[in-house]
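Novice: If you scroll down you'll find the structure; I have some questions about it.
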Amino acid sequence: MNTLKFTPFLLVMLIMMSCSDDDEVAPLAEVESTTFENLHAPQEGGRGEPISGSFTKFDFETGQITDSDTEWDIAFRGATIAVNGGTETGTIDEPARTSDAGITIVNGTFEDVTEIAEDTGFDQDSQNGFAIPTGSGNGWYNYDFTTNILSPIPGKILLVETTNANYAKVEILSYYEDAPSDIDPFQDESRYYTFRYAYNPNERQVTFN
Amino acid sequence: MFYQDIDIAGESEEWDTNFTSITRHKWSPKLHADYEVYFTQYKANQLEFNPINDEILFNSDFNQRLFRPEVRLTYDISSNQEMIAGIGSNFEFLDRNLFENEVSFYSQYIYAQHSFSPLQQVDVILGGRFDVHSEYDSQFSPKASAIYKLNDQISIKSSVGSGFKAPDFRQLYLDFTNSAVGYTVVGNRVEEAVVERLQNSDQLLSLTLDLEDLGQPLDAESSTGINLGLSYQKNKFDFSLNAFRNDIQNLIDTRIIARKTNGQNVFGYVNRDNIYTTGAETDLSYTFTENLKLSVGYQLLYAFDKEAEDRIDEGDVFIRDPETLITRRLERSDYFGLPNRSRHLANFKIYYNIPEWKAFVNLRLNYRSKYALFDTNGTGLIDNYDDSFVDGFSLLNLTLSKSLFKNYKFQLVGENILNNEQTGLLNLPGIRITGKIQFQL
């Protein structure tokens, strides 16, 4: 009878030890916070012609532009932003959506967003249009037709649920090459995104601290 | 004649005519009636033509007439008590050759006021007015004021009251370009049409607001105001100080709707929903002799939109620092206030009369501190990060007047005689000289 009582005790010990082992093997990775400069997002057409040209794809996991057809999170062409989730919108040359990523805009400063709130609803691209609406004042930018300057709307933060089910927050700082403080729309090249972002590489971790 | 552009030449003329007649009828030693008839006409004609072949491009006649009969009864209750009551009607007509039909407004009003002295040093006036308008809502506007005479030199004045102002025809239908300076004023209901016309003739550099914001219906303005003032008068010295606070719903205000290629602006009218103005004004004058008088005035003004303040308090207004590109919340201290309002206004006047020449000279120096023209950074309000600020400036104006024969008066008015040319957003018109002849019956 003594041996029978002893066995469950040993088992419990083993399980507990293996748990603590796992923790040491994969500690939480730190939130990556950085600024990406001059992401070039050219487009062709426009001014009455249909807009075309491939999107410039960005992957938060590597923090780099990518040519991968599947391992990308968001993509840029001109002032349009696509997300790798949902379905094609129907525009020419857009990438196939291969994942279940989502994106949304919240109001606040970059610092305000310390975590993804529980009730955050992420949108995906669809036949009805892009998850981030296009057009001045509708999404992330204003276009001032008196000065011909496109500027990111202050206080608009993009939240992204990535293809790996991780979270990122993004603030677009400039649409012009080298992010000039005083933009000359006839001198400075446009369609160059400078944005800062924070990315939590731990799956389903919602905080940005 | 003034050439605005090599392609378009223009002429414009404005006339103002006023006529008032008052007939007094004494019913009894205590009761009399005044029958008043007031007529005013404002005409503005504008002609634009091609200077090469004299082809008429645009011809506009604006003819606004107002006819106002009023009956007023005054009853002297006692030596320090008086009742006044009146009833009147405004008949307003507008003829414009660009409209098919004449436009007309009718409004009626009735008012009464009671003035009395509850104490020997205190005068009180209580009154009210009711306005009925054919186009806008009716409104009752009460008013109360009191003056307390501390002694022969000092008196304290205070008043509370409300007011009502319906848009007039100019604010609704005017389409006028001043040919001497080159700016354009557009009534609310013709904004879209005028902007289109100016665009088609390449007179516009840019719009300052979205096309769909043009021509939003204009409402009547209503306000409540509180004043508290002090005046001091002794011998040749006159001083007054007044603090005010006005809360205005649907303030009818001018706004810039477009910039023109000639460096001037196109002005339109807009309602500002929920605004307040508060501040103080002071005047000081000294009469050296009967023929030489000097005066200085100053006004401090804060004019804010309450809804803009609420948006700031709720943390809904963001700005991007132009240097670091980092976004932060706009604070109350960044909010400058309503467009076209200077925090400080000051004036200095000298009046010099030369009786042996039957002439006088009037020199006026006006200063206004910096102000902003419109929002440039998408916050929907004027903040310190906007690019449309006009620096503070002064203008010196001079009037020379001489009476001739029995009934004639000749006047020469020089505006901006130091030829202050503001650079940047505001193009001041430079020296302007106007001549006037007045004939009195």
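Top line first, the protein sequences correspond to chains A and B. Last residue of the first sequence: 324 (my numbering), numbering continuous. Last residue of the second sequence: 590 (my numbering), numbering continuous. Note that CB positions come from ideal geometry on N, CA and C, so glycine has one too. What you are looking at is a predicted structure, and each value in this text was computed from that prediction instead of being measured.
(1) Taking 8 Å as the cut-off, decide whether the C-beta atoms of Ala521(B) and Pro488(B) are in contact.
(2) Quick one: which residues of the stretch 264-282 of chain A get their C-beta closer than 9 Å to a C-beta of chain B? List them in chain order.
(3) Quick one: give me the first and last residue of the alpha helix (DSSP H) that Glu219(B) is part of.
(4) Looking only at its own chain, which residues have a Cβ that is under 7 Å from the Cβ of Leu609(B), when we skip the five neighbours before and after it?
(5) According to DSSP, is Tyr255(B) part of a helix, a strand, or is it coil?
(6) Taking the CB atoms as reference points, tell me whether Leu474(B) and Leu288(A) lie closer together than 8 Å.
(7) Show which residues of chain B have a CB atom less than 7 Å away from the CB atom of Thr261(A).
(8) Can you list the beta strand (DSSP E) stretches of 3 or more residues lying completely in the stretch 258-283 of chain A, in chain order?
(9) In chain order, what are the residue ranges of uninterrupted beta strand (DSSP E) at least 3 long that sit wholly in the stretch 138-200 of chain A?
(10) Exposed or buried, Leu561(B), counting other C-beta atoms within 10 Å across all chains shown (16 or more means buried)?
(11) Does Glu286(A) come within less than 8 Å of chain B when only Cβ atoms are used?
(12) With a threshold of 8 Å between beta-carbons, can Thr333(B) be considered close to chain A, or not?
(13) Is it right to say Phe175(A) is buried, meaning 16 or more other beta carbons lie within 10 angstroms of its own, or is it exposed?
(14) Pick helix, strand or coil for Ser482(B), following the three-state DSSP scheme.
(15) When you compare only the Cα positions, how much space is there between Asn243(A) and Asp293(A)?
(16) Consider the Cβ of Thr224(A): report whether some Cβ of chain B lies at a distance smaller than 8 Å.
(17) Between Gly378(B) and the rest of its own chain, which residues show a CB-CB distance below 8 Å, the 5 nearest in sequence each way excluded?
(18) Does the beta carbon of Ser289(A) sit closer than 8 Å to a beta carbon anywhere in chain B?
(19) Quick one: residues in its chain with C-beta nearer than 6 Å to the C-beta of Lys585(B), no 5 flanking neighbours on either side, listed in chain order?
(20) Let me confirm a value: Asp136(A) is counted as buried when at least 16 other C-beta atoms fall within 10 Å, else exposed. Which label applies?
(21) Within a Cβ cutoff of 7 Å, which residues of the same chain sit near Glu318(A), ignoring the five residues on either side of it in sequence?
(22) Can you find a CB in chain A that lies within less than 8 Å of the CB of Asp532(B)?
(23) Three or more beta-carbon pairs under 8 Å between the stretch 238-254 of chain B and the stretch 200-218 of chain B, yes or no?
(24) Who does Ala211(A) pair with in a DSSP beta bridge?
(25) Does Gln348(B) come out as helix, strand or coil in the three-state DSSP assignment?
(26) Within 10 angstroms of its Cβ, does Gly252(A) collect 16 or more other Cβ (buried), or is it exposed?
(27) Using a Cβ-Cβ cut-off of less than 7 Å, give me the residues of the stretch 466-478 of chain B that come near chain A, in sequence order.
(28) 8 Å is my cut-off, CB to CB: does Asn257(A) come that close to chain B?
(29) Whether or not the stretch 449-465 of chain B and the stretch 485-502 of chain B are in contact is what I'm after, with contact meaning three or more pairs of Cβ atoms, one per stretch, closer than 8 Å; do they touch?
(30) Exposed or buried, what is Pro178(B) when buried is set at 16 or more other beta-carbons lying within 10 Å of its beta-carbon?
(31) On a CA-only basis, which of Ser305(A), Val275(A), Phe245(A), Thr235(A) is nearest Pro267(A)? Give me that one, please.
(32) Show which residues of chain A have a CB atom less than 9 Å away from the CB atom of Gly593(B).
(33) What residues in the stretch 433-455 of chain B bring their beta carbon closer than 8 Å to a beta carbon of chain A?
(34) Relative to the C-alpha of Ser537(B), which candidate in Leu545(B), Ser543(B), Asn526(B) has its C-alpha closest?
(35) Within 10 angstroms of its Cβ, does Tyr557(B) collect 16 or more other Cβ (buried), or is it exposed?
(36) Quick check: the stretch 171-188 of chain B against the stretch 196-206 of chain B, are at least 3 beta-carbon pairs closer than 8 Å?
Specialist: So, from the data block:
(1) Taking the second sequence and counting its residues from 1, the one referred to as residue 521(B) is at position 372. Taking the second sequence and counting its residues from 1, the one referred to as residue 488(B) is at position 339. Going by C-beta atoms, Ala521(B) is nearer than 8 Å to Pro488(B).
(2) Within the stretch 264-282 of chain A, the residues whose Cβ lies closer than 9 Å to some Cβ of chain B are Ser266, Pro267, Ile268, Pro269, Gly270, Lys271, Ile272, listed in chain order.
(3) Against the second sequence, residue 219(B) aligns to sequence position 70. Careful: Glu219(B) lies outside any alpha helix (DSSP H), inside the beta strand (DSSP E) at 205-227.
(4) In the structure as shown, chain B begins at 150 and stops at 590. Residue 609(B) is therefore absent and cannot be evaluated.
(5) In the second sequence, counting from the first residue as 1, residue 255(B) sits at position 106. Tyr255(B): strand per DSSP, three-state reduction.
(6) As a position in the second sequence, residue 474(B) is number 325, starting the count at 1. As a position in the first sequence, residue 288(A) is number 173, starting the count at 1. Leu474(B) places its beta carbon less than 8 Å from that of Leu288(A).
(7) For the purposes of this step, residue 261(A) is taken as the residue at position 146 of the first sequence. Under the 7 Å cutoff, chain B gives Ser355, Leu356, Thr357.
(8) Contiguous beta strand (DSSP E) elements confined to the stretch 258-283 of chain A occur at 264-267, 271-276, taking only those with 3 or more residues.
(9) For the stretch 138-200 of chain A, whole beta strand (DSSP E) runs of length 3 or above, ordered along the chain, are 147-155, 159-161, 164-167, 171-174, 179-181, 189-192, 195-198.
(10) As a first step, residue 561(B) is located in the second sequence; it is residue number 412 there, counting from the start. Here Leu561(B) is exposed, its C-beta having fewer than 16 other C-beta atoms within 10 Å.
(11) Position 171 of the first sequence holds residue 286(A). Closer than 8 Å: yes.
(12) The residue given as residue 333(B) occupies position 184 in the second sequence. Not an interface residue.
(13) Residue numbering aside, residue 175(A) sits at position 60 when the first sequence is read from its first letter. Its Cβ being crowded by 16 or more others within 10 Å, Phe175(A) is buried.
(14) The count along the second sequence starts at 1 and reaches residue 482(B) at position 333. Reduced to three states, the DSSP call for Ser482(B) is helix.
(15) Locating residue 243(A) in the first sequence gives position 128, counting from the first residue. Locating residue 293(A) in the first sequence gives position 178, counting from the first residue. For Asn243(A) and Asp293(A), the distance between alpha carbons rounds to 34 Å.
(16) Along the first sequence, read from residue 1 onward, the residue named residue 224(A) stands at position 109. At least one CB atom of chain B sits nearer than 8 Å to the CB of Thr224(A).
(17) Taking the first residue of the second sequence as 1, we reach residue 378(B) at position 229. Same-chain partners within the cutoff: Ile305, Lys306, Ser307, Ser389, Leu390, Asn391, Ala392.
(18) As a first step, residue 289(A) must be located in the first sequence, where it is residue number 174. Output row for Ser289(A): interface = yes.
(19) Reading the second sequence from its first residue, position 436 is the one you call residue 585(B). Shown here for Lys585(B): same chain residues with a beta carbon closer than 6 Å to its own, the five before and five after excluded, namely Gln560 in chain order.
(20) The count along the first sequence starts at 1 and reaches residue 136(A) at position 21. Caution applies to Asp136(A), whose pLDDT of 48 falls short of 50 and renders its modelled position unreliable; the value that the coordinates give is listed next. By the neighbour-count rule (16 or more Cβ atoms within 10 Å), Asp136(A) is not buried but exposed.
(21) Mapped onto the first sequence, residue 318(A) falls at position 203. So the qualifying residues of the chain are Asn279, Ala280, Asn281.
(22) The count along the second sequence starts at 1 and reaches residue 532(B) at position 383. Output row for Asp532(B): interface = no.
(23) Enough Cβ pairs lie closer than 8 Å, so yes.
(24) Locating residue 211(A) in the first sequence gives position 96, counting from the first residue. DSSP, once it has assigned bridges, lists no residue as partnering Ala211(A).
(25) Against the second sequence, residue 348(B) aligns to sequence position 199. It is helical.
(26) On the first sequence, residue 252(A) is found 137 positions in, with the first residue counted as 1. Label assigned to Gly252(A): exposed.
(27) Here the close residues are Phe467, Ile468, Arg469, Pro471, Glu472, Leu474, Thr476, Arg477, Arg478.
(28) Within the first sequence, the letter at position 142 stands for residue 257(A). It does: the Cβ of Asn257(A) has a partner Cβ on chain B nearer than 8 Å.
(29) Yes, the stretch 485-502 of chain B is in contact with the stretch 449-465 of chain B.
(30) Looking up residue 178(B) in the second sequence gives position 29. By the 10 Å Cβ count, Pro178(B) comes out exposed.
(31) Taking the first residue of the first sequence as 1, we reach residue 267(A) at position 152. Looking at the Cα atoms, Ser305(A) is the closest of the given residues.
(32) As shown, chain B starts at 150 and ends at 590. That puts residue 593(B) outside it, with no answer to give.
(33) So the list is empty, because no residue satisfies the distance condition.
(34) Numbered from 1 along the second sequence, position 388 holds the residue referred to as residue 537(B). Ranking the options by Cα distance to Ser537(B), first place goes to Asn526(B).
(35) Reading the second sequence from its first residue, position 408 is the one you call residue 557(B). Under this definition Tyr557(B) is an exposed residue.
(36) Using a Cβ-Cβ distance cut-off of 8 Å, the stretch 196-206 of chain B and the stretch 171-188 of chain B are not in contact, since fewer than three pairs of beta carbons, one from each stretch, lie closer than that value.
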